[in-house]
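Colleague: Below is the structure I would like to discuss, written out as structure tokens.
Residue numbers (this note's numbering): 642 to 1118.
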């Protein structure tokens, strides 16, 4: 046992050194973006193929072509099946990054020079054999959808034109001539907990996963709430990250509540280069990177949308566990398995940190289950999974979100959820997870409705939800 521990400590030391090398290298901006592009290509090629089963050609057509235009760094990516990994590279192959797949963990981007065999010693969760009978259970825990009632059928008929529009390639898209195809992958609409409308893009289906992007941030609310319920996390107690060891460090006053509200006051970065470095340079400790930020505003006084605040929520939760294996197992054993979310994978970095700011792979049905838990005030099949009052707290506007975009953006923010409480066609009780390219699970309390959409291009969820509610209301008259 001692030898195994020593070997693991040596591995972690090597990873830390590799991460330091990445951070310390002085490279030109153009080369830095080639690094990010290579890391992005490797990670997406790995996850989209080994998790979702998609072909390299399809991945290159959508995600990798889009990324190349964003990073302005063309290159290539390929699979290496013998090691269940993928490599992304610059155009001249000089810069390369590798991501490796592990069963039940998804893909992890390796640091430069880290051999693929090292991933065998990365922290991982305990895997349990799948229950073959679970999928045969009735919705929502299983996949067997009951026959619609007569009223449900009337609602479904009203919703069919909206499903047609959701997949026509242009409706609900943003007015961008370069993105004419909204490329919806799947839509699931629930009312009273039942699926009343559902459709998938050709080649997709109920069990094909896609990346949540920032919809993953709402999962930090989920795990934090579950830990509060267990009385292991107090969101109003300061989170003393080890990087802040000096007694006079003002960051020692920060709490999980500040992070949940995106109001930590720490240097935000707004999803810019520092976030890209953490995600795609390879081998960095995401939690440690989030803790390197300086305090630039008094905590709780300034709202700024921050990937690092979401990562810090997950890190605060991690510190409530005695070991990393318990932490990695927790979302699955305490939440996802109980909710029938068997197709959801939470990816980590090499140090065992959940990247809950963006790296979760799931399906429209699982996102609908996620929304249903919040629609039911945190109770699932009679068992309370979130504290009483947690959903009310989640959808309470953060006072500092008046700074988002006054007069232009009809949204405010709660606790890692967006609030659609100032939209002319929506009731004030609508709140939603939201991710890049249109990943949504939107909860409408007054209508007992959840509207989930996942896709490959941007999407106007507010308008779609408003039309869904109008159709539902019309079916009742």
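Just so you know, even glycine gets a beta-carbon here, dropped at the ideal spot from N, CA and C.
Once you ignore the five residues that flank residue 1012 on each side, which residues in its own chain have a CB closer than 6 angstroms to its CB?
Modeller: Around residue 1012: 1082, 1084, 1091.
Colleague: Is it the case that the Cβ atoms of residue 961 and residue 870 are separated by a distance below 7 angstroms?
Modeller: Not in contact: residue 961 and residue 870 (Cβ atoms no closer than 7 angstroms).
Colleague: Quick one: grab the DSSP three-state call for residue 1117.
Modeller: Note: residue 1117 maps to coil in three-state DSSP.
Colleague: For residue 891, count neighbouring Cβ atoms within 10 angstroms of its own Cβ and tell me buried if that reaches 16, exposed if not.
Modeller: Classification of residue 891: exposed, given that the 10 Å Cβ count is below 16.
Colleague: Measuring alpha carbon to alpha carbon, tell me which of 868, 1010, 734, 910 ends up nearest residue 981.
Modeller: Comparing Cα-Cα distances from residue 981 to each of 868, 1010, 734, 910, the minimum goes to 1010.
Colleague: Answer yes or no: do residue 990 and residue 927 have a C-beta to C-beta separation smaller than 7 angstroms?
Modeller: Yes, they are a contact pair.
Colleague: What residues in its chain sit with their C-beta under 7 angstroms from that of residue 867, if we drop five residues either side in the sequence?
Modeller: So the qualifying residues of the chain are 975, 976, 1026, 1027.
Colleague: Put residue 796 into one of helix, strand or coil per three-state DSSP.
Modeller: In this structure, residue 796 counts as helix in the three-state DSSP scheme.
Colleague: I'd like the list of long-range same chain contacts for residue 917, defined as Cβ closer than 7 angstroms, with 5 residues on each side in sequence excluded.
Modeller: The residues are 677.
Colleague: Taking DSSP as the reference, what is the three-state secondary structure of residue 916?
Modeller: If DSSP states are grouped into helix, strand and coil, residue 916 belongs with the helices.
Colleague: Unbroken alpha helix (DSSP H) runs of length 4 or more, entirely within the segment 935 to 978: which are they?
Modeller: The segment 935 to 978 contains these whole alpha helix (DSSP H) runs: 948 to 959, 965 to 971.
Colleague: Let me check understanding here. Comparing Cα to Cα, which of 864, 693, 838 lies closest to residue 1056?
Modeller: The residue with the shortest Cα to Cα distance from residue 1056 is 864.
Colleague: Using DSSP bridges, identify the partner residues of residue 835.
Modeller: Note: residue 835 sits in a beta bridge opposite 832.
Colleague: Can you check the segment 980 to 1032 for any alpha helix (DSSP H) of at least 4 residues that lies completely inside it and give the ranges in chain order?
Modeller: Correct list: 1005 to 1016.
Colleague: Which residues in the same chain as residue 1080 place their Cβ atom closer than 6 angstroms to its Cβ, once the five residues preceding and following it in sequence are excluded?
Modeller: The answer, listed in chain order, is 853, 854, 856, 1095.
Colleague: Just how far apart, CA to CA, sit residue 766 and residue 972?
Modeller: Cα to Cα, residue 766 sits roughly 10 angstroms from residue 972.
Colleague: May I ask you to report which of helix, strand or coil DSSP gives residue 717?
Modeller: Strand at residue 717.
Colleague: Alpha carbon to alpha carbon, how far is residue 1076 from residue 999? Give it in angstroms, no decimals.
Modeller: Taking the straight line from one Cα to the other gives about 8 angstroms.
Colleague: By a C-beta neighbour count over all protein chains shown, 10 Å radius and 16 as the cutoff for buried, is residue 731 buried or exposed?
Modeller: So residue 731 ends up on the buried side.
Colleague: Do you know whose CA, among 886, 902, 859, lies nearest residue 877's CA?
Modeller: Ranking 886, 902, 859 by Cα distance to residue 877 puts 902 first.
Colleague: Using beta carbons (cut-off 7 angstroms, strictly below), is residue 1112 in contact with chain E?
Modeller: Considering every chain present, this structure includes no chain E. It has just one protein chain.
Colleague: Could you work out which residue in 729, 790, 778 is closest to residue 721 when comparing CA atoms only?
Modeller: The candidate whose alpha carbon is nearest that of residue 721 is 729.
Colleague: Do the CB positions of residue 753 and residue 993 come within less than 7 angstroms of each other?
Modeller: Result no, Cβ atoms of residue 753 and residue 993 do not sit closer than 7 angstroms.
Colleague: Could you name the residues that DSSP lists as bridge partners for residue 1072?
Modeller: BP columns for residue 1072 point to 1060, 1084.
Colleague: In the DSSP assignment, find the unbroken beta strand (DSSP E) run with residue 750 in it and report its ends.
Modeller: That run of the beta strand (DSSP E) goes 747 to 750.
Colleague: Checking 7 angstroms against the spacing of the C-beta atoms, do residue 897 and residue 880 come in under that value?
Modeller: In this structure, residue 880 lies closer than 7 angstroms to residue 897 by Cβ.
Colleague: Counting along the chain, where does the alpha helix (DSSP H) carrying residue 1140 start and finish?
Modeller: This structure does not reach residue 1140, given that the chain is present from 642 up to 1118, and the question cannot be answered.
Colleague: Is residue 726 helix, strand or coil when you go by DSSP?
Modeller: In this structure, residue 726 counts as strand in the three-state DSSP scheme.
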